[in-house]
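Engineer: Residues in the sequence shown are numbered from 327 upward in steps of one, following my numbering.
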Amino acid sequence: MHIRTTTDPITSREVTDPEHHPCLYDGDGVNGLEIYFENEKNKQIYLAMELEDKKILVGNDTDDYIAEG
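In structure tokens:
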């Protein structure tokens, strides 16, 4: 799944012309996250942020999976 967001995570403003703004892509080309920024400064601020408790969620996406809890 490819997710594209055009809301700058630093300012929470919509990037209306993403093709002319900085972008960060994290993924393998098929599955990934594409984030657009209003400017390069906001992108650098985002890259410099360190999360205290980074978690990676792993799930089961088979057709017969039923979430519990």
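C-beta atoms are modelled at their ideal positions from N, C-alpha and C, and glycine is treated no differently.
Could you round the C-beta distance between E364 and H346 to whole angstroms and report it? I think they count as a contact, below 8 Å.
Structural biologist: To locate residue 364, count along the sequence shown from 1; it is residue 38. To locate residue 346, count along the sequence shown from 1; it is residue 20. The Cβ separation is near 11 Å, so there is no contact.
Engineer: Can the beta-carbon of R339 be found closer than 7 Å to that of E360?
Structural biologist: The sequence position of residue 339 within the sequence shown is 13, counting from 1. The sequence position of residue 360 within the sequence shown is 34, counting from 1. Not closer than 7 Å, so no.
Engineer: Could you pull the DSSP bridge partners for H328 from this structure?
Structural biologist: Along the sequence shown, one-based indexing puts residue 328 at 2. Answer by DSSP bridge pairing, in chain order: G358.
Engineer: With DSSP as the reference, label L373 as helix, strand or coil.
Structural biologist: In the sequence shown, residue 373 corresponds to position 47, counting from 1. Reduced to three states, the DSSP call for L373 is helix.
Engineer: If you follow the beta strand (DSSP E) that D379 is part of, which residue opens it and which one closes it?
Structural biologist: In the sequence shown, the residue the question calls residue 379 occupies position 53. No beta strand (DSSP E) contains D379, which DSSP labels as neither H nor E.
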